[in-house]
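Chains as they are written, first to last, in full-length UniProt numbering: chain A, 1 to 352; chain B, 1 to 352; chain C, 1 to 352; chain D, 1 to 352.
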């Protein structure tokens, strides 16, 4: 474990700082013979991209992926897929003011403590820009598993919650609004709220829900590598995530067994699905669903005290552009990590 | 990944079915020279043990650990610690009624689908009895890291919540009541509630909170192996867990950045700790705290429909003894997994 | 990596010191539904066992395997197979003379330096007794892959070499003599030589050759995990091994490309097999063959200088029984490790 | 395991085909604060480069490394080092004649069988060009461990052997001749031999010896991850390698224990070093030395039968430039892999 890889047989390793020359990664273990739809990859990248709408950060990141290996005549060859995403638009001088300063609730301080120094331009390695590489790997994982349908969406923004059960939502509406909330009425309220937060120079957190359909029975490993444990780790590894729950989640802890148990139909499906599609850590063929909590992004345009590396407390004001609410852009990242986890288990569990 | 190991340098592998000859495991990577306090290990085992109080299952599991290797003249030798926990009291005929039946919300069905057949006596490998081996490994991890203090406690039982911030609790009270809730008044209400649930032949879920003190700055790896991502995976791998949150958790998703950011003191500590002791996936020296949601145990003493392996729906009533609320016994398991995660990072990050 | 596990999907972890309570291990990832032939496992154990003939060590090791999990009604369940091999006959006082002494070319010194102290009774963890657990795991791997035929045999003992190409040998003769050399004439000379070495209180090395038939095309991974690289690592991990070569091996380094290239038959087989059944790290369907060099065992019955832990050189004479030539007993260990490597690749490569 | 990574804490992952856009890799786990000497990296690359002398392939590979991350202000940051080596000079049409043909003793056939199709331009992923990425990772590992001295050299070319013990060689002479043999007389004979082989349009194998000085006591893990087992795997993963031996190696198998045991000096060093610096899989502080056998490269300029993908045997003649003897260029690759293995163990074993 050196921290920058995920997976056993579908193994993704990423590299890159926010203001270095390029980000990128290696996807090792992708099966051969998959005809890659490069436009579909680009589409996922565009969903994660800053500047895509008025309610997300207006920073410019072109995010053009260059594939360097593992693809021949349009198809995966089974060898590692190396790719880079050049950082074309980064001006290092924008960040001189944080060179010797630790911004509150950023990773500046712990990186300096752990490594002795850091690339102080932007978030460096701890920047959410790293997730661009995950979206590439996830987009390819999705194409490896065309039968599996993964739909993430924003189910809350700050105090505004969409409580409709996912079964009653129309996922085709997710991309119809910049919030990525499939309920248009809620989406409008959320969007208004985010605009207001942006005007305040503040940020707000939210929740991304995710539903995965058509997962075969049997994915996941007892005991430590349960399917939901891996999904949880993958989601918690995304920047700003503070919590993960699947199926009944935290609210399930308030229930009685007589209410919570999912009774069977004769075909092995269940009448209810409080289990969230996973029993004993193994997929049971029902829809998998889970929720991921994101904290508000730490960079705000208001003035806050920061610490410098001499031990002085000094007021600091965010510069440039900020992301008032990260969750709309987190939707494709959640889907990407879900796809990577499934691809890995698919390869591990379809064996012998 | 074959599912039954956790960790990279402090690596725990477990084996054993609930009704086989024995459970056990191997702890590989424990440093040499640790004088083991066997009574402290036994104490942790007694906290996990069934039958320890009137509000947990009355099933008998003697849980005597036999160490077979890796210890010499009372000290760890640096070689793998093999241990077994014999299953002395299991009567296989108790379980004949579930041989061909899939109990709702158990792993019976998915094991049969995945493996073609299963050890149908009790939960087999999916039984929470497996966690006994984790408690052994965790107890040794605790002794490897004597400076780190891990305290877990029950913070909710069904609808009854203890909302006091952990800073205001007296952890020395945790073991003073069978619920393992440090607030005696809440403990009494929770205990009463569990007794009532038991009389109904029903079960109830709950939440275990955990606080870790004295963790040095710098544990955890970017990007995928963030400290909280590993803690989350470890907790989610415990039977019946449905959710994990750390620091501000799900409630943090409702906050604004201006409220959520933890401002620094000149010494690098923070005035607030909504980050939960972890920033950018790396410990920052503040207390680590997190919450783990447990669903109600699926085995109830009421009659519920089950599915047999011919596709027939048949009513089934739980036999023997049941565990009305798993969370008091889950407290030492949460602590054990936290200790294992920390021991692993301690070895990984204190390098070069 | 904590050193005591091998494999990714067929993962073997072992524990145990030569004079502790028991050896044992966990096989994680063995597929379900394999009807285990326990007598075949016992047979492999008897081939490794000391005292099986006049030319190997007369030490007694009963080596009775007790399976504790992962097997139900005679079949593997897909869950981890835990097993122990009790050390019933070990007298610790035999070893008091080496408590403070480092025997030449043993691991005593490096263990003390690395771990600060050691279990000084016999070889402790570095004893070849550890390989008993490997033989168990290998015997099960063999049963998982009944189509694959693995035959190892002794091809040299000290200066006596059997140079016959493996194609001209009758493998059914391997077990017909205590040396495990399929050529009876060579076997007789080797046996005579070993008897003479034993009388001198000395030891001698040798070479084990191994031939694997019926391996499907496609096992092995580019780039680092080439099939022969894993075979090499597995063999080099056996006590006393000093070298590994496959196909043409070291003698291939003296050849020209025009001589060494294996020309094809129309069906994809090759006319010659200097490649040893592996090209580019991937099995090509031809016989895999390799050779493993063993040094003479360090324990001799002659007097040699040793070092004590105060820095004094003191003469020491081996006590008890010694193994004049380890290679006959190494044959089943080589086969076991080959089976483990193949089982792992079989699971890894038969995917998607 | 997906095959394209090596290491646990110093983890190297490579990608790239010989005729794709670029090769490259990610070094994950390199400690922070190492001032990188980029010229030293370039020097190692120039030693591996084709066309460096008259006796190696005249193919042009500029091999300019571009670092994309993990380095800031000249020092490593502790985050992953991503790098690429563009393939600037590859003309794909050179290889049209092998599109449907399997060259003898190449990986063409097994890649097609394993993956269904392949990048047929040159060796694709199985090309030795992949080792350029290893040299980058090894050069950085060398700089991480400045106290450790690694010297590899050519000790045989075809039938010409340099039998001088390494202690009597002057390693400063290694780079003084194109063969990289420190004995100038042998070097001249070897060079003459290679020139003759080249004129024949043929190739020849050879042996690279490697000596590592100043390794601290205690590197290596019992039982499966012995230091020499990892070195062996790393060397066997290099293209064209057929064998590995350390210390006394295969010749040690002919010796008696009374001759082979390394007697101690009072300071823990040994009078002889047949152990090759490793006992029980753990470094003992003496020089580590080993030998690596390379077969002759399969591409020859003579006409040989090949197989096409319709099952026809057709004569084929190598085109372009060939490498008459790979071992001079293999010297830096052997050193690189040794450095990578040591860096990994250094991080794993200097813990707690």
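A virtual CB, placed ideally from N, CA and C, is assigned to each residue, including glycine. Here the structure is a predicted model, which is why all the values come from computation and not from measurement.
So, at 6 angstroms on beta carbons, what are the nonlocal neighbours of residue i in its own chain, with the 5 sequence-adjacent residues on each side left out?
i              : result
residue 151(A) : 171, 211
residue 142(A) : 339
residue 295(C) : 205, 240, 242
residue 234(D) : 337, 341
From the DSSP output, in three-state form, read off residue i for me.
i              : result
residue 248(D) : coil
residue 302(A) : coil
residue 404(A) : Residue 404(A) is absent from the model: chain A starts at 1 and stops at 352.
residue 52(B)  : coil
residue 45(B)  : helix
residue 291(C) : strand
residue 84(B)  : strand
residue 316(A) : strand
residue 67(A)  : strand
residue 346(A) : helix
residue 173(A) : helix
residue 352(B) : Reliability of the predicted coordinates at residue 352(B) is poor, the pLDDT of 46 falling under 50, and the value obtained from them is presented with this limitation in mind. Looking at residue 352(B) - three-state DSSP - the assignment turns out to be coil, as it is neither helix nor strand.
Contact criterion: CB-CB distance below 7 angstroms. Does residue i meet it with respect to chain C?
i              : result
residue 229(D) : yes
residue 113(D) : yes
Can you list, in chain order, the residues of its chain with a C-beta nearer than 7 angstroms to that of residue i? Leave out the 5 residues immediately preceding and following it.
i              : result
residue 100(C) : 308, 309
residue 120(D) : 95, 98, 99
residue 83(D)  : 24, 25, 65, 66, 67, 68, 136
DSSP puts residue i in a beta bridge; with which residues?
i              : result
residue 161(D) : 156(D)
residue 35(D)  : 75(D)
residue 6(A)   : 12(A)
residue 149(D) : 213(D)
residue 279(A) : 282(A)
Mind reading off the beta-carbon distance from residue i to residue j? Whole number of angstroms is fine, and I expect it under 8 angstroms.
i              : j              : result
residue 257(D) : residue 202(C) : 6 angstroms
residue 241(C) : residue 292(C) : 6 angstroms
residue 118(D) : residue 111(D) : 4 angstroms
residue 221(D) : residue 3(C)   : 3 angstroms
residue 128(A) : residue 41(A)  : At roughly 19 angstroms, the Cβ-Cβ gap does not stay under 8 angstroms, so residue 128(A) and residue 41(A) are not in contact.
Does any residue of chain B have a CB that is nearer than 7 angstroms to the CB of residue i?
i              : result
residue 69(C)  : yes
residue 19(A)  : no
residue 224(C) : no
residue 342(A) : no
residue 125(A) : yes
Please confirm if residue i has its CB atom under 7 angstroms from at least one CB of chain D.
i              : result
residue 250(C) : yes
residue 11(A)  : yes
residue 24(C)  : no
residue 147(B) : no
residue 232(C) : yes
Which residues in the same chain have their Cβ closer than 8 angstroms to the Cβ of residue i, if we skip the five residues on either side of it in sequence?
i              : result
residue 197(A) : 158, 203, 204, 324, 325
residue 349(C) : 218, 219, 220, 221
residue 9(B)   : 29, 344, 347, 348
residue 31(B)  : 76, 78, 144, 347
Flag residue i as yes if its beta-carbon sits less than 7 angstroms from any beta-carbon of chain A, otherwise no.
i              : result
residue 279(B) : yes
residue 282(B) : yes
residue 4(D)   : yes
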